[in-house]
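Chemist: Protein chains in written order, with the numbering used here: chain A, 3 to 119; chain B, 3 to 119. Below are the structure tokens for one structure; questions will follow.
There are 2 protein chains.
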Amino acid sequence: MSGPPTTEQIAHPARDELELSAVLHALSDPVRLMIVAELSKGEREYTCGSFELPVTKSTCTHHFKVLREAGLIKQRQQGTTRLNTLRRQDLEARFPGLLDTILQAAADTAPLQPQPV
Amino acid sequence: MSGPPTTEQIAHPARDELELSAVLHALSDPVRLMIVAELSKGEREYTCGSFELPVTKSTCTHHFKVLREAGLIKQRQQGTTRLNTLRRQDLEARFPGLLDTILQAAADTAPLQPQPV
DNA sequence: CAACTTGTACGACGAGCGTCGTACAATGCT
DNA sequence: AGCATTGTACGACGCTCGTCGTACAAGTTG
């Protein structure tokens, strides 16, 4: 193999372009909040398929797209899979404390927890 | 005057019933975030008309209703006017630090500020 | 009483959201 | 090569959202 193994041509907003309303809207959906909560539990990269979500594949793609366009996650292509990571530093720089506070609130009040794989 | 001057028959969710997704959704609208930011600046009660909002009266009523049903504000009838206050304590008890963090993020990144009256 | 103020109720409209199914592209594996 | 895996693209569907205009209710004030 001589060509580039990864594509990395996925649009992401810059740190200074993150909008609060987009972030809050993204996290106001229970499924997306689940995804972000899962991502926040580890430092490793998660594939889209490593979540037990109560929606189909295409809906899952949609939610990851919303999260990416709001600047919450970074997506990196690797082979057929797409690796997702939380943009912790960017979020912390732009909206200090916001992510942790929301995740804490979610953990305190969530009736159900998703299952990682 | 011998009769009751205020009605106080407006439905509000109890503290323990506040849902995170509803709160985040309520605050993901710029107009509603403006309203909450204004309310947070003072301890006094604000009438619905004391905001300079870029929407009509009926839209304003709608936004206050969303905020009330999400548990962000308390509305109290007094004569023809309705007095609004932020439910600071309830929010702090249910979602510690959430309101302040969001308001801080809004203040840091907001391009425009509303005008109080 | 009549006029005004403050805000709600209701219906309408266009836009967007969350969901799905099917089809397809790209990669990995046998 | 052929097949399986992973995820996207696209269209469709109901539903909700934000907005508005008009009409109306409840107080306040002349």
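Glycine included, each C-beta is placed from N, C-alpha and C at the ideal position. In this text the structure is predicted, and so the values were computed from the model without any measurement.
Short of 6 Å in beta carbon distance, which residues of its chain neighbour B:R70, apart from the five on each side in sequence? Order them along the chain.
Modeler: Counting only Cβ-Cβ distances below 6 Å, and skipping sequence neighbours, we find Q77.
Chemist: Roughly how many angstroms lie between the CA atoms of B:L100 and B:V57, to the nearest whole one?
Modeler: One C-alpha to the other measures close to 27 Å.
Chemist: Which value, in whole angstroms, describes the spacing of the CA atoms of A:K104 and B:A107?
Modeler: The sequence shown places Ile at residue 104 of chain A, rather than the Lys named in the question. Going from the Cα of A:I104 to the Cα of B:A107 covers about 13 Å.
Chemist: Establish whether the CB of A:E21 and some CB of chain B are separated by less than 9 Å.
Modeler: It does: the Cβ of A:E21 has a partner Cβ on chain B nearer than 9 Å.
Chemist: Tell me whether B:D110 is buried or exposed, calling it buried when 16 or more other Cβ atoms sit within 10 Å of its Cβ.
Modeler: With fewer than 16 Cβ atoms within 10 Å of its Cβ, B:D110 is classed as exposed.
Chemist: Taking one C-beta from the stretch 10–19 of chain A and one from the stretch 43–55 of chain A each time, how about it: are there three or more such pairs within less than 8 Å?
Modeler: The stretch 10–19 of chain A, when compared against the stretch 43–55 of chain A, does not touch it at the 8 Å Cβ threshold.
Chemist: Starting from the Cα of B:R84, find the closest Cα among B:G51, B:R90, B:E21 and give me that residue.
Modeler: Looking at the Cα atoms, B:G51 is the closest of the given residues.
Chemist: How long is the line joining the alpha carbons of A:L35 and B:Q79, rounded to whole angstroms?
Modeler: About 36 Å.
Chemist: Please check if any C-beta of chain B sits within less than 9 Å of the C-beta of A:I104.
Modeler: Judged by the 9 Å Cβ criterion, A:I104 is in contact with chain B.
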